[in-house]
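Novice:
Chains as they are written, first to last, in the numbering used here: chain D, 378 to 629; chain S, 1258 to 1606.
(1) Does the Cβ-Cβ distance between residue 1576 of chain S and residue 1525 of chain S come in under 8 Å?
(2) Going straight from the alpha carbon of residue 1484 of chain S to that of residue 623 of chain D, what length do you get?
(3) Can you pull the chain D residues whose beta carbon is under 7 Å from the beta carbon of residue 1490 of chain S, in chain order?
(4) Could you please give me the residues that DSSP links to residue 591 of chain D through a beta bridge?
(5) Can you give me the C-alpha to C-alpha distance between residue 589 of chain D and residue 1421 of chain S, rounded to a whole angstrom?
(6) List, in chain order, every chain S residue whose beta-carbon is nearer than 7 Å to that of residue 466 of chain D.
(7) Just to confirm my understanding: we take residue 403 of chain D, look at its own chain, exclude 5 residues before and 5 after, and list those with CB closer than 6 Å. What are they?
(8) Per DSSP, which residues does residue 1330 of chain S bridge with? Please list them.
(9) Tell me where the beta strand (DSSP E) around residue 396 of chain D begins and ends.
(10) Count the other C-beta atoms from every protein chain shown that fall within 10 angstroms of the C-beta of residue 1309 of chain S, then say buried if there are 16 or more, exposed otherwise.
(11) At the 8 Å Cβ level, is residue 425 of chain D part of the contact set with chain S, yes or no?
(12) Any beta carbon of chain S sitting closer than 8 Å to that of residue 646 of chain D?
(13) For residue 519 of chain D and residue 1580 of chain S, what's the separation of their Cα atoms in angstroms?
(14) Suppose the cutoff is 7 Å on Cβ atoms and the five residues either side in sequence are ignored; what does the same chain contact list for residue 1403 of chain S look like?
(15) Rounding to the nearest angstrom, what Cα-Cα distance links residue 1264 of chain S and residue 579 of chain D in this structure?
(16) By the criterion of Cβ-Cβ separation under 7 Å, what are the contact partners of residue 484 of chain D in chain S?
(17) I'd like to know if residue 575 of chain D contacts chain S, where contact means its C-beta is closer than 8 Å to some C-beta of that chain.
(18) Relative to chain S, which residues along the segment 454-465 of chain D have a C-beta separation below 8 Å, given in chain order?
(19) Out of S:1312, S:1328 and S:1440, which has the shortest C-alpha to C-alpha gap to residue 1463 of chain S?
(20) How is residue 600 of chain D classed by DSSP in three states: helix, strand or coil?
(21) Given a threshold of 16 other Cβ atoms within 10 Å of its Cβ, counted over all protein chains shown, does residue 1452 of chain S qualify as buried or as exposed?
(22) On the criterion of 16 or more Cβ atoms from any shown chain inside 10 Å, does residue 495 of chain D qualify as buried, or is it exposed?
(23) Going by beta-carbon coordinates alone, are residue 575 of chain D and residue 528 of chain D separated by less than 8 Å?
(24) With a CB to CB cut of under 6 Å and the five nearest residues on each side skipped, what residues in its chain are close to residue 548 of chain D?
(25) My output table needs one value for residue 1266 of chain S: the three-state DSSP class, helix, strand or coil.
(26) Name the DSSP beta bridge partners of residue 1289 of chain S, please?
(27) Measuring straight from C-alpha to C-alpha, what distance separates residue 1361 of chain S and residue 1563 of chain S?
(28) Taking the alpha carbon of residue 510 of chain D as the point to measure from, which residue in D:467, D:543, D:595 and D:487 has its own alpha carbon closest?
(29) Hey, which unbroken runs of the alpha helix (DSSP H) at 4 residues or more fall wholly within the segment 532-583 of chain D?
(30) What does residue 470 of chain D touch in chain S if you count any residue whose Cβ is under 7 Å from its own?
(31) Going by beta-carbon coordinates alone, are residue 534 of chain D and residue 454 of chain D separated by less than 8 Å?
(32) Name the residues in the segment 1425-1446 of chain S whose C-beta lies less than 8 Å from a C-beta of chain D; which are they?
(33) Apply the 10 Å Cβ neighbour rule to residue 611 of chain D and answer buried if 16 or more other Cβ atoms are within range, or exposed otherwise.
(34) If you measure from the beta carbon of residue 451 of chain D to each beta carbon in chain S, is any gap under 8 Å?
(35) Kindly list the residues whose CB is nearer than 6 Å to the CB of residue 1606 of chain S, restricted to its own chain and excluding five residues on each side of it in sequence; keep chain order.
(36) Would you mind listing the alpha helix (DSSP H) stretches within the segment 1472-1520 of chain S that are 4+ residues and don't spill past its ends, in chain order?
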């Protein structure tokens, strides 16, 4: 389990997080929600040590983050960032980079690495695109390629920062179904999402954030039905049932 | 109706990727090696005194001797061709590394202060009245490497971000150029003495001057070819590279230092051949793609052949006069580079 206590960070002297507390339970889908600029990405970046400095306590599996090397952290947590470069390489070779944490100089891939990479490509549904250049793929396929690279890292935890942004509806569903499948396999998934319907449908645990602080956390329905959600986003929420289950709708 | 099967089986994914990779790499390497070899043979055989392939072969197997052909081969053509091959390979690999590390197609060894540092050191050396070839070579190497260290240390203050490295390089280059002009203003002879160095060429190359630089270049190119994964992971972006366990600042600064050592070693005997480190990586990338495992060895071979051809032409075009290679390289490289830009899809590099 990843645990965050009293996390404070700043960029160029400007405080971004003001004492965030959060727990991301093992084998569950945890989702961070909140308005733009409330510190969701900074929180997950802090876990990956991607922010210049922070105070507070972050522990991964009970071990303080300070005691984990960058390489060991990469064997525990994979991170699919919000902004993604489009390097001029094939999907297969990019997914191979997911094995980077496991290779020592001069970094020759072993058969085991290739097997894991091929499994990751299949799991992401990219068999037909393995030899295609990333720049020749659609946004959804590129997203899957980054996802496959994260899978090739073979970690217990995968963090996805807005994985459905820029994807069409079908690809959004595919991405979320994929996350669910990974969670069912025992992986801990941490996501940042803006789609409340997806949050309700897929999240096991939700953390609501505002202005660099965690406001509320709990089960998806519990958090989304709370008045805090309406206050934080400045909207009204409503719920209705169909044969598929509970749905949420939003009004200004 | 026949339905086309477009899906790949699990086994096919593996085989196609590996086989395509291996075949592509081998073909690229062979074509590059052939170009460099052809350029080297032409560079040795052609010149003021022509040398047939038979004479070349006999001079090669008989070793250094008293005959004119042996002397020309061992003491004139071979060092010069070797220098062209080494300078081309070293500068091309250095430029490729810098462009990859900074994700900037306009980057070249000049952007991290190599040329300005070497230029200042040589001007200072000449200004102080030290004109020996060893001193000038040493000063050029030290100037190139130290100026890069300066750029990297400036960038380290801001976690060695790509932009800071480029801006730091621009600032350091401006300072060093101003210092060079100051030296030349106070000691006008320094401008005349360092002219050959600033233009770049191979007319003054000899075996003794080449050897230390050759060791650095060969070792540097081999080392760079073992670090292709690092270059490719770095090009995924800082956050992704860090999340894959890379110590980004350390690797970026290390790669820039390697690029500076390579370019510094080349500059020490060839002077400032600014264009090679910019144009050859572009051509190599256009032909062979951006993946470093293919790109670096191919750029090295392409650079080696390109500089050899330019040097050969600089000796031949106005024979018996010789045009400095750096001038011819800019004459040829400039229009070719413009052609490359115009023919690039979408006009982007």
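Think of the CB as a built atom: it goes at the ideal place given N, C-alpha and C, for glycine as much as any other residue.
Bear in mind the structure is a predicted one, so any value in this text is a computation, not a measurement.
Specialist: Straight from the coordinates:
(1) Here residue 1576 of chain S refers to the residue found at position 319 when the second chain is read from its first residue. Here residue 1525 of chain S refers to the residue found at position 268 when the second chain is read from its first residue. The answer is no: Cβ separation not under 8 Å.
(2) What you label residue 1484 of chain S is simply residue 227 of the second chain in a count that begins at 1. What you label residue 623 of chain D is simply residue 246 of the first chain in a count that begins at 1. Each residue's Cα considered, the two are about 52 Å apart.
(3) Looking up residue 1490 of chain S in the second chain gives position 233. Near residue 1490 of chain S (Cβ distances below 7 Å), the residues of chain D are 474 and 477.
(4) The residue labelled residue 591 of chain D in the question sits at position 214 within the first chain. Residue 591 of chain D is bridged to D:586.
(5) Stepping through the first chain from its first residue, residue 589 of chain D is reached at position 212. Stepping through the second chain from its first residue, residue 1421 of chain S is reached at position 164. Taking the straight line from one Cα to the other gives about 28 Å.
(6) Mapped onto the first chain, residue 466 of chain D falls at position 89. Going along chain S in sequence order, the residues near residue 466 of chain D (Cβ under 7 Å) are 1489, 1547 and 1548.
(7) Taking the first residue of the first chain as position 1, residue 403 of chain D is located at position 26. For residue 403 of chain D, where only same-chain residues beyond five positions count, the Cβ hits under 6 Å are 378 and 565.
(8) Locating residue 1330 of chain S in the second chain gives position 73, where the first residue counts as 1. BP columns for residue 1330 of chain S are empty, so no partner.
(9) Here residue 396 of chain D corresponds to residue number 19 of the first chain, with the count starting at 1. Counting along the chain, the beta strand (DSSP E) containing residue 396 of chain D begins and ends at 391-401.
(10) As a working mapping, residue 1309 of chain S is identified with position 52 in the second chain. Exposed: under 16 other Cβ atoms inside 10 Å.
(11) Against the first chain, residue 425 of chain D aligns to sequence position 48. It does; some Cβ of chain S falls within 8 Å.
(12) Missing from the structure shown is residue 646 of chain D; chain D here goes from 378 to 629 and no further.
(13) The residue given as residue 519 of chain D occupies position 142 in the first chain. The residue given as residue 1580 of chain S occupies position 323 in the second chain. Each residue's alpha carbon lies about 50 Å from the other.
(14) Taking the first residue of the second chain as position 1, residue 1403 of chain S is located at position 146. Cβ within range, chain order: 1374.
(15) Counted from its first residue, the second chain places residue 1264 of chain S at position 7. Counted from its first residue, the first chain places residue 579 of chain D at position 202. Residue confidence is low: residue 1264 of chain S scores 45 on pLDDT, short of 50, so the model does not pin down where it sits. No coordinate-derived value is stated.
(16) Within the first chain, numbered from 1, the residue matching residue 484 of chain D stands at position 107. Under the 7 Å cutoff, chain S gives 1486.
(17) Against the first chain, residue 575 of chain D aligns to sequence position 198. Closer than 8 Å: no.
(18) 454, 455, 456, 458, 460, 461, 462, 464 and 465
(19) Stepping through the second chain from its first residue, residue 1463 of chain S is reached at position 206. Checked all of S:1312, S:1328 and S:1440; the closest Cα to residue 1463 of chain S is S:1328.
(20) Along the first chain, one-based indexing puts residue 600 of chain D at 223. Helix.
(21) Here the question's residue 1452 of chain S lines up with position 195 in the second chain. Answer is exposed; the Cβ neighbour count stays below 16.
(22) Stepping through the first chain from its first residue, residue 495 of chain D is reached at position 118. Counting Cβ neighbours within 10 Å, residue 495 of chain D comes out buried, since at least 16 surround it.
(23) The residue given as residue 575 of chain D occupies position 198 in the first chain. The residue given as residue 528 of chain D occupies position 151 in the first chain. No; because the gap between Cβ atoms is not below 8 Å, this pair is not in contact.
(24) Taking the first chain and counting its residues from 1, the one referred to as residue 548 of chain D is at position 171. So the qualifying residues of the chain are 517.
(25) Here residue 1266 of chain S refers to the residue found at position 9 when the second chain is read from its first residue. Note that residue 1266 of chain S scores a pLDDT of 49, beneath 50, so its modelled location is shaky and nothing firm can be said.
(26) Working through the second chain from its first residue, we reach residue 1289 of chain S at position 32. Looking at the DSSP assignment, residue 1289 of chain S forms no beta bridge with any residue, so it has no partner.
(27) Walking along the second chain from the start, residue 1361 of chain S turns up at place 104. Walking along the second chain from the start, residue 1563 of chain S turns up at place 306. Going by the C-alpha atoms only, they are around 22 Å apart.
(28) Within the first chain, numbered from 1, the residue matching residue 510 of chain D stands at position 133. For residue 510 of chain D, the nearest C-alpha among the options comes from D:467.
(29) 546-561 and 573-579
(30) Reading the first chain from its first residue, position 93 is the one you call residue 470 of chain D. The answer, in chain order, is 1548.
(31) As a working mapping, residue 534 of chain D is identified with position 157 in the first chain. As a working mapping, residue 454 of chain D is identified with position 77 in the first chain. Yes, these two residues count as a Cβ contact at 8 Å.
(32) none
(33) Locating residue 611 of chain D in the first chain gives position 234, where the first residue counts as 1. With fewer than 16 Cβ atoms within 10 Å of its Cβ, residue 611 of chain D is classed as exposed.
(34) On the first chain, position 74 is the one that residue 451 of chain D refers to. Yes, its Cβ sits closer than 8 Å to a Cβ of chain S.
(35) Start at 1 with the first residue of the second chain, and residue 1606 of chain S comes out as number 349. Low local confidence applies: a pLDDT of 43 at residue 1606 of chain S is under 50, so the model's placement there is unreliable, and no value is given.
(36) 1485-1491 and 1495-1500
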